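Each residue of the sequence shown is one higher than the one before, starting from 1 at the first, in the numbering used here. C-beta atoms are modelled at their ideal positions from N, C-alpha and C, and glycine is treated no differently. Given the structure is predicted, the values throughout are model-derived calculations rather than measurements. Note sheet for the following structure.
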Amino acid sequence: MTKLSVNINKIATLRNSRGGNQPGVLKAALDAER
Numbered sequence: 001m002t003k004l005s006v007n008i009n010k011i012a013t014l015r016n017s018r019g020g021n022q023p024g025v026l027k028a029a030l031d032a033e034r
């Protein structure tokens with residue numbers, strides 16, 4: 001059973017719409033995994 005689902009695409013979309021590199025996709029994925 002899934003306890004937590006994180007959509008990394010949403011984080012990447014947010015980053016791209018801001019025109020920068022924040023939030024970092026890799027950092028977000030690692031934080032979610034913890």
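Check, Outcome
"Close-in-space but distant-in-sequence residues of the same chain around P23 (CB under 8 Å, 5 per side omitted)", "I11, L14, R15"
"Contacting residues, own chain, Cβ-Cβ under 6 Å from A29 (five flanking each side not counted)", "I8"
"Collapsed DSSP secondary structure at N16 in the structure displayed", "helix"
"Residue range of the alpha helix (DSSP H) that includes L4", "First-last for L4: undefined, no H or E at that position."
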